[in-house]
Amino acid sequence: MSLTNEDALKYHSQGRPGKLQVIPTKQAETQDDLALAYTPGVAQPCLKIKDNPMDAYQYTNKGNLVAVISNGTAVLGLGNIGAIAGKPVMEGKGLLFKIFADVDVFDIEIDENDPDKFVEIVKAIAPTFGGINLEDIKAPECFHIERRLKEELHIPLMHDDQHGTAIIVSSGFVNALEITGKQIEDIKLVVNGAGSAAIACTNLLITMGVRRENVVMCDSKGVINESRTDLNEEKQQFITSRNLNTLQEALVGADAFLGVSTANVLSQDMLRTMAENPIVFALANPNPEIKYEEAVMTRKDVLVATGRSDYPNQINNVLGFPYIFRGALDVQARAINEEMKVAAVKAIASLAKEPVPASVLKAYGLKSLSFGHDYFIPKPFDPRLLEVVSVAVAKAAMESGVARRSINDWDEYKAQLRNRLKYREGGKYPYCFGNVER
């Protein structure tokens with residue numbers, strides 16, 4: 002299906018403009034209902050929360066409410082377009098939270114580029130929310146913002162452009178390694194791009210077992226090596242002592258290429274110099290570092306992932322963030338920590354090895370799908386993700402000591418998760434204006 006610019010504008014403007022709305026969850030049809038919903042009845046939960054702030058999870062929507070917050074400085078591939086221009090993206094993120102994991106969202110666009118002022122604004126509004134998803138904030142400010150907020154707030158918080166991407170990349174990466182028979186501690190990895198996503202991906206892959214000394218990272222000026230004097234703090238951790246200056250030099254004999262950069266920087270000739278069974282994650286969007294067709298034409302043994310939905314093995318953040326926050330919210334976690342991220346990586350990776358349900362095949366117009374070169378990461382519309390990833394994240398939160406609430410009956414919790422998807426049955430979304438058809 003080919004979509005036009007006019008299709009996109011019509012989609013966003015027809016009916017009720019935008020993609021989100023707020024609906025009541027309690028009856029409000031009589032005078033007694035109003036007396037309970039507002040004055041005087043509302044005073045009772047207020048007093049309970051005054052005495053014990055954690056009661057907000059019992060008496061308000063805090064426990065199922067995430068803020069998607071941006072200042073519009075790095076919106077998709079559009080760059081620094083400003084807070085209000087980024088609002089359609091934040092609304093879209095809210096829609097994905099809702100349809101995939103039944104998480105409610107307020108999108109908040111903050112017109113502030115100073116990172117410290119931005120942090121203070123987010124801290125001031127944080128009591129409203131059970132979690133915060135930072136989105137589309139440019140580097141290096143995004144590192145400072147997330148670091149401070151993680152230190153000063155005690156709710157699940159994640160910059161999805163960094164860690165959401167890293168989790169999905171790592172999930173696909175460990176499966177690609179399994180297919181090639183390579184050991185993660187032995188591979189030589191070349192990363193092209195040194196922004197927030199590239200750095201987060203590389204750090205998580207190191208957590209998963211890649212050796213830091215086996216990583217070569219390149220930015221727009223070439224290899225990050227000991228001769229460079231223009232490196233910020235985040236890039237300095239990836240300085241290599243090897244005598245390499247260009248991407249072309251770095252790729253000779255490399256086992257894997259991770260591109261989080263720009264289109265067409267990986268040539269066919271460069272790909273030919275890589276090791277046997279090379280792994281290529283070309284994630285620049287909409288045009289990858291090497292075209293999928295060119296990669297598979299150049300090397301029959303190559304494993305390729307892109308950020309595009311029209312090719313196999315799409316690296317799509319929607320495989321992670323709705324379910325990571327779902328699990329974190331359900332145990333009232335104080336943070337999203339490394340243990341929870343690794344649990345999500347393993348859960349997503351393991352799902353790709355399971356038999357694919359008929360509903361997924363139908364959604365993608367496929368007759369069959371099985372673990373291998375063309376399928377080493379789950380499809381976004383796989384309904385099992387909600388149960389598999391949310392459970393893994395919730396368990397990891399409990400085991401790592403950041404959960405405020407325990408889940409004792411996992412079978413019951415899984416049933417609750419499955420029940421959250423029922424409103425999507427039949428292709429209808431009753432939460433949407435006009436009961437919109439998919």
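Sequential numbering of the sequence shown, starting at 2, is according to my numbering.
Even glycine gets a Cβ: it sits at the ideal position worked out from N, Cα and C.
Here the structure is a predicted model, which is why all the values come from computation and not from measurement.
Are proline 384 and leucine 422 touching if we call contact CB-CB under 8 Å? In the sequence shown, residue 384 corresponds to position 383, counting from 1. In the sequence shown, residue 422 corresponds to position 421, counting from 1. It is a contact, given that the beta carbons lie within the stated cut-off.
Quick check on serine 71: does DSSP put it in helix, strand or coil? Mapped onto the sequence shown, residue 71 falls at position 70. Three-state result, serine 71: strand.
Mark leucine 21 as exposed unless 16 or more other C-beta atoms lie within 10 angstroms of its C-beta, in which case mark it buried. Working through the sequence shown from its first residue, we reach residue 21 at position 20. The residue in question, leucine 21, is buried, as its Cβ has 16 or more Cβ neighbours within 10 Å.
Could you give the DSSP three-state label for isoleucine 291: helix, strand or coil? By one-based count along the sequence shown, residue 291 stands at place 290. Correct three-state label for isoleucine 291: coil.
What would DSSP say about glutamate 121, mapped onto helix, strand or coil? To locate residue 121, count along the sequence shown from 1; it is residue 120. Three-state result, glutamate 121: helix.
Exposed or buried, glutamine 59, counting other C-beta atoms within 10 Å across all chains shown (16 or more means buried)? As a first step, residue 59 must be located in the sequence shown, where it is residue number 58. Burial call: exposed.
Grab me the residues of alanine 177's own chain with a C-beta within less than 6 Å of its C-beta, minus the 5 sequence neighbours each way, in chain order. Within the sequence shown, the letter at position 176 stands for residue 177. Same-chain partners within the cutoff: Ile280, Leu304, Phe377.
Please state whether the Cβ-Cβ distance between alanine 198 and lysine 236 is less than 8 Å. Taking the sequence shown and counting its residues from 1, the one referred to as residue 198 is at position 197. Taking the sequence shown and counting its residues from 1, the one referred to as residue 236 is at position 235. For alanine 198 and lysine 236, no; Cβs fall outside 8 Å.
Would you mind reading off the limits of the alpha helix (DSSP H) that contains glycine 93? Residue 93 sits at position 92 when you count from the first residue of the sequence shown. First-last of the alpha helix (DSSP H) with glycine 93: 88 to 102.
Helix, strand or coil for isoleucine 408, going by three-state DSSP, please let me know. Translated into positions along the sequence shown, residue 408 becomes position 407. If DSSP states are grouped into helix, strand and coil, isoleucine 408 belongs with coil.
Collapsed DSSP secondary structure at phenylalanine 130 in the structure displayed: The residue given as residue 130 occupies position 129 in the sequence shown. DSSP places phenylalanine 130 in coil when its eight states are reduced to three.
Can you tell me whether asparagine 134 is buried or exposed? The criterion is at least 16 other CB atoms within 10 Å of its CB, across all chains shown. Position 133 of the sequence shown, counted from the first residue, corresponds to residue 134. Classification of asparagine 134: buried, given that the 10 Å Cβ count is 16 or more.
C-alpha distance - glycine 435 paired with threonine 299, whole-angstrom precision: In the sequence shown, the residue the question calls residue 435 occupies position 434. In the sequence shown, the residue the question calls residue 299 occupies position 298. Only weak support exists for where glycine 435 lies, its pLDDT of 34 falling under 50; the value from the coordinates is given anyway. Going from the Cα of glycine 435 to the Cα of threonine 299 covers about 49 Å.
Closer than 8 Å by C-beta to tyrosine 414: which residues in its own chain qualify, once you throw out the five before and the five after it? Chain order, please. Numbered from 1 along the sequence shown, position 413 holds the residue referred to as residue 414. Cβ neighbours of tyrosine 414 beyond the five flanking positions: Asp331, Val392, Ala395, Ile408.
Is glycine 19 helix, strand or coil when you go by DSSP? Start at 1 with the first residue of the sequence shown, and residue 19 comes out as number 18. Looking at glycine 19 - three-state DSSP - the assignment turns out to be coil, as it is neither helix nor strand.
Contacting residues, own chain, Cβ-Cβ under 7 Å from isoleucine 122 (five flanking each side not counted): The residue given as residue 122 occupies position 121 in the sequence shown. Excluding residues within five positions, the ones whose Cβ falls inside 7 Å are Ile111, Glu113.
Kindly indicate which three-state DSSP category histidine 160 falls into: helix, strand or coil? Walking along the sequence shown from the start, residue 160 turns up at place 159. Three-state DSSP puts histidine 160 in a strand.
Within 10 angstroms of the Cβ of cysteine 143, are there 16 or more other Cβ atoms? Answer buried if so, exposed if not. Within the sequence shown, the letter at position 142 stands for residue 143. Cysteine 143 should be labelled buried.
Check each candidate in Ala329, Asp256, Gln238 and name the one with the smallest Cα separation from histidine 155. Numbered from its first residue, the sequence shown carries residue 155 at position 154. It is Ala329.
For asparagine 226, write down the residues that DSSP places opposite it in a beta bridge. Stepping through the sequence shown from its first residue, residue 226 is reached at position 225. DSSP output for asparagine 226 lists Thr241 as bridge partner(s).
Can you confirm whether the segment 353 to 367 touches the segment 145 to 163 when touching is taken to mean that 3 or more C-beta pairs between the two stretches lie within less than 8 Å? no
What's the C-alpha gap between phenylalanine 239 and alanine 201? By 1-based counting over the sequence shown, the position of residue 239 is 238. By 1-based counting over the sequence shown, the position of residue 201 is 200. Those two C-alpha atoms are separated by around 12 Å.
Tell me which residues share the same chain as glycine 93 and place their Cβ nearer than 8 Å to its Cβ, disregarding the 5 neighbours each side in the sequence. Within the sequence shown, residue 93 is the residue found at index 92, counting from 1. For glycine 93, where only same-chain residues beyond five positions count, the Cβ hits under 8 Å are Lys20.
With distance defined between alpha-carbon atoms, name the residue in Ser360, Ala350, Glu388, Gln269 nearest to glycine 373. Within the sequence shown, numbered from 1, the residue matching residue 373 stands at position 372. Of Ser360, Ala350, Glu388, Gln269, the residue nearest in Cα terms is Ala350.
Kindly indicate which three-state DSSP category alanine 416 falls into: helix, strand or coil? The count along the sequence shown starts at 1 and reaches residue 416 at position 415. Three-state result, alanine 416: helix.
Please report the straight-line C-alpha distance between valine 192 and aspartate 52, rounded to a whole angstrom. Counted from its first residue, the sequence shown places residue 192 at position 191. Counted from its first residue, the sequence shown places residue 52 at position 51. Cα to Cα, valine 192 sits roughly 51 Å from aspartate 52.
Expressed to the nearest angstrom, what Euclidean distance is found between the alpha-carbon atoms of asparagine 226 and glutamate 234? For the purposes of this step, residue 226 is taken as the residue at position 225 of the sequence shown. For the purposes of this step, residue 234 is taken as the residue at position 233 of the sequence shown. When rounded, the distance between both Cα atoms is 14 Å.
Quick one: Cα of glycine 42 to Cα of valine 104, how far? Counting from 1 along the sequence shown, the entry for residue 42 is found at position 41. Counting from 1 along the sequence shown, the entry for residue 104 is found at position 103. Distance between the alpha carbons of glycine 42 and valine 104: 27 Å.
Pick from Gly80, Lys368, Met209: whose alpha carbon is nearest that of alanine 167? Working through the sequence shown from its first residue, we reach residue 167 at position 166. Nearest option by C-alpha distance: Met209.
Classify glycine 165 as buried or exposed, calling it buried when 16 or more other Cβ atoms lie within 10 Å of its own Cβ. Sequence index remark: in the sequence shown, residue 165 carries index 164 (1-based). When all chains shown are included, glycine 165 counts as buried.
Counterpart residues of tyrosine 376 in DSSP-defined beta bridges: Stepping through the sequence shown from its first residue, residue 376 is reached at position 375. Per DSSP, Gly373.
Could you give the C-beta distance for asparagine 72 and alanine 84, rounded to a whole number, given that I count them as a contact under 8 Å? Residue numbering aside, residue 72 sits at position 71 when the sequence shown is read from its first letter. Residue numbering aside, residue 84 sits at position 83 when the sequence shown is read from its first letter. Contact flag correct, Cβ pair sits at about 5 Å.
Contact check, serine 262 vs alanine 296 under 8 Å by CB: the rounded distance? Position 261 of the sequence shown holds residue 262. Position 295 of the sequence shown holds residue 296. Actually they do not touch by this definition, with Cβ atoms about 15 Å apart.
Alpha carbon to alpha carbon, what distance is there between glutamine 315 and methionine 218? One-based indexing of the sequence shown puts residue 218 at position 217. One-based indexing of the sequence shown puts residue 315 at position 314. For methionine 218 and glutamine 315, the distance between alpha carbons rounds to 23 Å.
Among Lys99, Leu37, Ile180, Leu97, the one whose alpha carbon lies nearest that of serine 371: On the sequence shown, position 370 is the one that residue 371 refers to. The residue with the shortest Cα to Cα distance from serine 371 is Ile180.
Kindly indicate which three-state DSSP category valine 281 falls into: helix, strand or coil? Here residue 281 is taken as the residue at index 280 of the sequence shown, counted from 1. Reduced to three states, the DSSP call for valine 281 is strand.
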